[in-house]
Amino acid sequence: MKHLPPGRDGHWRLDLRAVGELLASQRERIAAYADVHRPPPRAAARPAGEPPAPVPDSVSDLLDAMPMAAILVRPVLADDGRIEDFLYVARNASARAYAATHIPPGSVPPWTGPVALFEPFPVMEHTGLPRMLADAHHERAPQGPEAVEWFVPRPDGPPARLSSEVHVAPCGDDLLVTWEPGHRVRMAKAAQKLVRTCWAEWNLADGTVEPSLGFDYVLGLGRTDPAPDLRGLASLVAADSLPEFYGLLYDVLLRKRSSSRELRMRGPVQRFIRMVAEPVRPKGGPVWAVRAVLIDVSDDHRRRALARAADEEARRQRSRAAALTEVADVLRDAVLPRFQDELAPYGLDAAAVYRPDPTGSGVGGDWYKARRLPDGRLLVALGDARGHGLDAVTLMAKLRYALAGLAYTEEPVEALTRWLNEVACDDGIESTATAVIARYHPERSLLRWTCAGHPLPVLLRGTRATQLSAPPGGTGLSLGVLPGTTYTAAETVLADGDVILLCSDGLIERRDTDPDEDTARLLAAAEQCARETAPTHGHDGLQAYAERLLDLLDGPHRTDDATLLALRRVPPTR
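Just so it is clear: in the sequence shown, position 219 is 369 by my numbering, and no numbers are missing.
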């Protein structure tokens, strides 16, 4: 078993044993069937009076000269001309050879002379042979060929199945029964049907055709339709394939070489035939005949067409995805700014890290904003619009820019959140989002913030991380769920060096975990990063800390985009 990969030898033996058991069980079913259908012993039906006349030596010699198996059968007639039985009176050498190779030893008594035909072969009486014998006798006309299948019970073991193509012809007062192994003819026809292949030879001098058995099936002809000559075959070819057919004949007839073409056939159903042809000619003479194999490749053609269509659709989808990604990248850059110390003079360092959804179009609904307002305070927000792709990007851009405009009213964050909820509600039932919206007051080191269905902020003080308590009344509803929703604000006083962490749920959520586990994971990671990579002074130090924290929380489990916004309280310089 050196050809088997390591570890497969045991599986191979199990599979081989399973195959053997399946075959053995089927043999048992066949034996049971043969036992049920085994006819009772048949009494001999020799005619009364004189025994049948012996077969002349000349007839025996003629039988032996026949190339196929043959027996001579004599009808046993009643006084009124009715057939009472059939006597098996002679057989030729081919029949003896057939019996020696096909009939199990000991299953049939040795033949010593004329005997009732169905006495040694009782199962054969239940096939079509008795009818063929009777019709040949009464009609004085040949019968068949007809498939005759029967079995011979073995004395010990499974029965032997026999299958033959049988002819019966009148021969004086007797009947000549000849047969050939029928499975060869049927298997050839079945094989052609299974693989949709046929062959034919067209004689060019007289226009005759010698087709195979499956010729009509492959070409879609009726059973009684004559096999077409090459001109008739051309009439079955669709107009757009006629040049291909002409090219094939040109190669075979004039260039005297084999040729192959794929032809579309006429008809209501799309049918494609591959024709492989070769010239047949005497040495030095003209092409006398065309020999060809025809293969129905309609299914292959349809599969190729489907594959081409699928490939084209995949290219369109890739092109569309690339376009969506390009547009999303532009919008993302517009709504996800990069900070460069511009807020530090007003009391906050800001750093942000964004990771797109690894399974989507490259962008989701995360957004954030941090900017100075005309009254000297700072607007800080992080949100997550529902969904992915352009719809989510469009909603997050709408909410972000709406918040920027509303913030100039100098209204408290509770009002800003309420108004932003109305904007989301007006956008449609699918336009929902979560957000934390805050205003930082530098003169008091105070962060006032609201929460609309979003993960609560985390305060990192030194190396200890804690989740901020929800505003009075609890976390508010997500934006866009219910018009007229009111929100309350919480207040957090920051000390120098305190870091506020705002993140989207895509960063911390895991499949099959609850929010408490997600929060505990975030807090532990924030503390671990503070111990290993404390956020050093300046924007770059805070940015490095945020990236390290996101790396620690990120992984293959993530199925959404992830955003982390870090805010650190620094002394204002203005």
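C-beta: ideal position from N, C-alpha, C; glycine also.
Check: Under 8 Å between C-beta atoms of Glu564 and Thr625; Outcome: no
Check: Expected contact under 8 Å - CB spacing of Ala676 and Leu610 to nearest Å; Outcome: 5 Å
Check: Per-residue DSSP class, three states only, for Ile253; Outcome: coil
Check: Distance cut-off 7 Å: Gly170 Cβ against heavy atoms of the ligand ATP; Outcome: This structure simply doesn't include the ligand ATP, nor any ligand for that matter.
Check: Beta carbon of Arg589 nearer than 8 Å to that of Leu528; Outcome: yes
Check: Proximity of Tyr496 and Pro607 at Cβ, strictly below 8 Å; Outcome: no
Check: Of the residues Leu566, Pro633 and Leu172, the one placed nearest Asp576, counting alpha carbons only; Outcome: Pro633
Check: Inter-stretch contact (C-beta, 8 Å, three-pair minimum) for the stretch 694 to 711 and the stretch 656 to 666; Outcome: yes
Check: DSSP-derived helix/strand/coil call for Asn242; Outcome: coil
Check: Cβ-based burial, Met558 [other Cβ within 10 Å; buried from 16]; Outcome: What sits at residue 558 in the sequence shown is Tyr, not Met. Per the 10 Å Cβ criterion, exposed.
Check: Phe422 (DSSP reduced to helix, strand or coil); Outcome: strand
Check: Three-state secondary structure assigned by DSSP to Ala198; Outcome: Note on Ala198: pLDDT 47, under 50, position unreliable in the model; no value is reported.
Check: Proximity to Lys406 [Cα-Cα], best of Gly434, Ala389 and Met425; Outcome: Gly434
Check: Short Cβ contact (8 Å threshold) for Trp517 with Leu493; Outcome: no
Check: Pair within 8 Å by beta-carbon distance, Ala297 and Glu269; Outcome: no
Check: Inter-stretch contact at 8 Å, needing at least 3 Cβ pairs: the stretch 241 to 248 / the stretch 218 to 227; Outcome: yes
Check: Exposure label - Leu164; buried when at least 16 CB within 10 Å; Outcome: exposed
Check: Nearest-angstrom Cα separation, counted from Gly160 out to Val318; Outcome: 55 Å
Check: Option nearest Asp507 by Cα separation, candidates Thr358, Ala542 and Lys519; Outcome: Ala542
Check: For Asp235 and Pro197, the rounded distance between their alpha carbons; Outcome: Only weak support exists for where Pro197 lies, its pLDDT of 49 falling under 50; the value from the coordinates is given anyway. Taking the straight line from one Cα to the other gives about 9 Å.
Check: Assigned secondary structure, Met415 (DSSP; H/G/I helix, E/B strand, else coil); Outcome: strand
Check: Pro706 versus Arg660 - alpha carbon distance; Outcome: 11 Å
Check: Bridge partner(s) assigned by DSSP for Gly409; Outcome: Checking the sequence shown, residue 409 turns out to be Ser, not Gly. Paired residues: Ala427.
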